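See below for the structure under consideration.
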Amino acid sequence: MLTGRQCPGKPHNPNHPHEPGRPGTNRPPRASEIAQGTPIALASSAAFRIQTIVAVGRKAQEALARKGVEAPPVRHPAQGGARIFATQLAQVEEASLSGP
Numbered sequence: 024m025l026t027g028r029q030c031p032g033k034p035h036n037p038n039h040p041h042e043p044g045r046p047g048t049n050r051p052p053r054a055s056e057i058a059q060g061t062p063i064a065l066a067s068s069a070a071f072r073i074q075t076i077v078a079v080g081r082k083a084q085e086a087l088a089r090k091g092v093e094a095p096p097v098r099h100p101a102q103g104g105a106r107i108f109a110t111q112l113a114q115v116e117e118a119s120l121s122g123p
């Protein structure tokens with residue numbers, strides 16, 4: 024994530040789907056966006072040797088599963104899910120640090 028000029032002080036993913044001309048907004052990704060983004064996410068995780076991929080939302084989990092990748096899902100932070108997202112992400116991090 025980046026801190027974007029359009030969203031001062033807020034985490035910003037330049038590839039995150041948003042309403043046209045409003046980068047701080049949120050909308051569900053189109054199937055074509057998911058299809059384009061999944062190989063990029065997998066290549067990035069391989070390049071950086073990421074061992075645990077976390078799926079942010081069910082759509083991400085489903086896209087990764089179609090590629091044979093098991094990824095623990097966390098609630099997407101949009102639409103009131105930020106607190107649950109933060110809690111679930113902390114749990115995933117704690118589990119990864121404690122090992123199998």
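Okay, so the sequence shown: first residue is 24 according to the numbering used here, each after it adds one.
Even glycine gets a Cβ: it sits at the ideal position worked out from N, Cα and C.
Since the model is a prediction, treat every value here as computed from it, not as a measurement.
Just to confirm before moving on: does the CB-CB distance between residue 56 and residue 50 stay below 7 angstroms?
Taking the sequence shown and counting its residues from 1, the one referred to as residue 56 is at position 33. Taking the sequence shown and counting its residues from 1, the one referred to as residue 50 is at position 27. Not a contact, by the Cβ cut-off of 7 angstroms.
Please classify residue 59: is it buried, with 16 or more other beta-carbons within 10 angstroms of its beta-carbon, or exposed?
Locating residue 59 in the sequence shown gives position 36, where the first residue counts as 1. Looking at its Cβ environment, which holds fewer than 16 other Cβ atoms inside 10 Å, residue 59 is exposed.
Can you tell which of 66, 94 and 63 has its C-alpha closest to the C-alpha of residue 116?
The residue you call residue 116 lines up with position 93 of the sequence shown. Ranking 66, 94 and 63 by Cα distance to residue 116 puts 94 first.
Unbroken alpha helix (DSSP H) run spanning residue 81, endpoints:
As a working mapping, residue 81 is identified with position 58 in the sequence shown. Where residue 81 is concerned, the enclosing alpha helix (DSSP H) stretches over 81 to 89.
Can you tell me whether residue 44 is buried or exposed? The criterion is at least 16 other CB atoms within 10 Å of its CB, across all chains shown.
Taking the first residue of the sequence shown as 1, we reach residue 44 at position 21. That one is exposed.
Using C-beta distances below 6 angstroms, list every residue in its chain close to residue 52, excluding the 5 sequence neighbours before and after it, in chain order.
Taking the first residue of the sequence shown as position 1, residue 52 is located at position 29. Within the same chain, residue 52 has close Cβ partners 40.
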